[in-house]
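>
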Amino acid sequence: MTGVERREKLLSMLAKSKEPIAGAEMAKQLSVSRQVIVQDIALLRAADNNIVSTNRGYVLLKPGKCERIFKVRHTAEEIEKELQIIVDNGGRILDVFVYHKIYGVVKAPMNIKTRKDIYEYVKTLSSGKSSPLLKITDNYHYHTVQADSENILDNIQKDLEECGFLAKLLDFEPVDFWEKSE
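Quick note: the sequence shown uses the numbering used here, first residue 1117, plus one each step.
1) Whole angstroms are fine: how far does the CA of V1212 sit from the CA of L1249?
2) Quick one: grab the DSSP three-state call for S1297.
3) Go ahead and label T1240 buried or exposed: buried means 16 or more other beta carbons lie within 10 angstroms of its beta carbon, across all protein chains shown.
4) For the beta strand (DSSP E) containing K1299, name the first residue and the last one.
5) So the beta strand (DSSP E) N1227 belongs to, where does it begin and stop?
6) Can you tell me whether K1187 is helix, strand or coil according to DSSP?
7) Find the nearest neighbour of G1206 within the set I1157, L1176, C1182, judged by alpha-carbon distance.
8) Quick test of the definition: if touching needs 3 or more C-beta pairs under 8 Å, does the region 1183-1193 touch the region 1273-1281?
9) Using only alpha-carbon positions, find the residue among Q1200, R1122, A1131, I1272 that is nearest to L1146.
10) Output yes or no for whether 8 Å exceeds the beta carbon distance between V1203 and I1167.
11) Taking one C-beta from the region 1217-1233 and one from the region 1171-1178 each time, how about it: are there three or more such pairs within less than 8 Å?
12) What's the C-alpha gap between L1127 and D1164?
13) Can you tell which of L1177, E1198, Q1151, K1197 has its C-alpha closest to the C-alpha of K1132?
14) In terms of residues, what are the limits of the beta strand (DSSP E) holding A1263?
15) For I1268, I'd like the list of residues in its chain whose CB is within less than 7 Å of its CB, leaving aside the five on either flank, ordered along the chain.
16) Counting C-beta neighbours from all protein chains within 10 Å, is the total for H1216 16 or more, i.e. buried, or is it exposed?
17) Less than 8 Å separating the beta-carbons of E1196 and V1238?
18) Pick helix, strand or coil for W1122, following the three-state DSSP scheme.
19) Measure the alpha-carbon distance for I1252 versus E1198 and round it to whole angstroms.
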């Protein structure tokens, strides 16, 4: 069994288990040392698998499937602050999009989940080679945000509102932007 196959098996074991699995038990089932399991777990974590160590073993936390679309309005200079509010509360910014009266929905993926991601995004924007989408809609735009709970999304919404960034839907804007057309 290769290392890749072993790590896939580890993920499968963790995903199927309702209880923590001890490293020694995984090592026994896969005929490797416990140290190999520790190293594999580190590699799986580095690959964005949410594996937690407990006193009874390892647990794979299921990724959050809570999503909410926020309509916001702010200046280009406030982009970093807006993104930090979302990330600092535990949100992941999946995309940015605008709803244009003529062009409809214009969307770009973002996948921002850390302050480092925000730094890189803002740095790219400041290079002057591209403009943020908000420029074509008088600073109005939307983000699809994913989080591990509705409570986190509520906190993000509250903080965006407190900063004056949240905006209301207008009459011409559809409520369901995606209508499963993708």
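For each residue, glycine too, the CB sits at the ideal point set by N, CA and C. A quick note: this is a predicted structure, and the numbers were derived from the prediction, not measured.
Taking the structure as given:
1) For the purposes of this step, residue 1249 is taken as residue 133 along the sequence shown, with counting starting at 1. For the purposes of this step, residue 1212 is taken as residue 96 along the sequence shown, with counting starting at 1. Whole-angstrom Cα-Cα distance: 8 Å.
2) Taking the sequence shown and counting its residues from 1, one reaches residue 1297 at position 181. Because the pLDDT at S1297 is just 36, under 50, the model does not fix this residue reliably, and the value given afterwards should be weighed accordingly. Correct three-state label for S1297: coil.
3) Position 124 of the sequence shown holds residue 1240. T1240 comes out exposed.
4) The displayed coordinates of the chain run from 1117 to 1298. Any statement about residue 1299 would go beyond what the structure contains.
5) Your numbering for residue 1227 matches position 111 in the sequence shown. Segment 1220-1228, the beta strand (DSSP E) holding N1227.
6) The sequence position of residue 1187 within the sequence shown is 71, counting from 1. Three-state DSSP puts K1187 in a strand.
7) Translated into the one-based positions of the sequence shown, residue 1206 becomes position 90. Residue C1182 is the option with its Cα nearest to G1206.
8) yes
9) The residue labelled residue 1146 in the question sits at position 30 within the sequence shown. When only C-alpha atoms are compared, the closest one is R1122.
10) Walking along the sequence shown from the start, residue 1203 turns up at place 87. Walking along the sequence shown from the start, residue 1167 turns up at place 51. Not in contact: V1203 and I1167 (Cβ atoms no closer than 8 Å).
11) no
12) For the purposes of this step, residue 1127 is identified with residue 11 of the sequence shown, where counting begins at 1. For the purposes of this step, residue 1164 is identified with residue 48 of the sequence shown, where counting begins at 1. Going by the C-alpha atoms only, they are around 12 Å apart.
13) Translated into positions along the sequence shown, residue 1132 becomes position 16. Of the candidates L1177, E1198, Q1151, K1197, the one whose C-alpha sits nearest the C-alpha of K1132 is L1177.
14) Here residue 1263 is taken as the residue at index 147 of the sequence shown, counted from 1. Where A1263 is concerned, the enclosing beta strand (DSSP E) stretches over 1256-1263.
15) For the purposes of this step, residue 1268 is identified with residue 152 of the sequence shown, where counting begins at 1. Contacts found: N1205, G1206, G1207.
16) Taking the sequence shown and counting its residues from 1, one reaches residue 1216 at position 100. Looking at its Cβ environment, which holds fewer than 16 other Cβ atoms inside 10 Å, H1216 is exposed.
17) The residue you call residue 1196 lines up with position 80 of the sequence shown. The residue you call residue 1238 lines up with position 122 of the sequence shown. A contact, by the Cβ cut-off of 8 Å.
18) Translated into the one-based positions of the sequence shown, residue 1122 becomes position 6. Note that residue 1122 is Arg in the sequence shown, not Trp. Three-state result, R1122: helix.
19) In the sequence shown, counting from the first residue as 1, residue 1252 sits at position 136. In the sequence shown, counting from the first residue as 1, residue 1198 sits at position 82. The straight-line gap from Cα to Cα measures roughly 18 Å.
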